[in-house]
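Chains as they are written, first to last, in this note's numbering: chain A, 7 to 83; chain B, 7 to 83. In this text, a Cβ means the ideal position worked out from N, Cα and C, and glycines have one as well.
Shown next as structure tokens:
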């Protein structure tokens, strides 16, 4: 059982890495990029399938995301 | 139009950050975590909807992913 936690900066939080990438893409000739925002994804392999959504949500709250500046989503595949 | 590029280390490439997170989760009492792998996600907002999949794939090849050690997927939403 594998779960994916995607952590993105909350809207309104400045993302200098994303700004730098948007500039870099423009410099390489990629037109039409309005904005880039950068996040993290955690692929978590679990031993069993019990309450995966709930357990992984707790992992994200405990360790993976900073709720002051980040939002996260959990997807189980 | 928004595209998401997810970049993960290729299988077999050592992921020390993922190992540290797996240890951290175990230390916090989260049982049953086999492994954690960490990747990046780029949320790219585009002006128009022409050839998005193709254009964003080229952006990933040009700048976002290192093909020697990383794989990427492109998702358009």
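For residue 27/B, which of helix, strand or coil comes out of DSSP?
helix
Taking 7 Å as the limit between beta carbons, can you name the residues of its chain near residue 75/B, skipping five residues before and five after?
15, 16, 19
Along the stretch 29-46 of chain A, what residues have a CB closer than 7 Å to any CB found in chain B?
30, 31, 34, 36, 38, 39, 40, 41, 42, 43, 44, 45, 46
Here's the rule: buried if 16 or more other CB atoms are within 10 angstroms of the residue's CB, otherwise exposed. What is residue 49/A?
buried
Is residue 77/B close to chain A, meaning its C-beta is less than 8 Å from at least one C-beta of that chain?
no
Counting only the same chain and skipping the five closest in sequence on each side, list residues whose C-beta sits under 6 Å from that of residue 63/B.
80
Along chain A, which residues have their Cβ under 9 Å away from the Cβ of residue 49/B?
14, 24, 41, 42, 43, 44, 45
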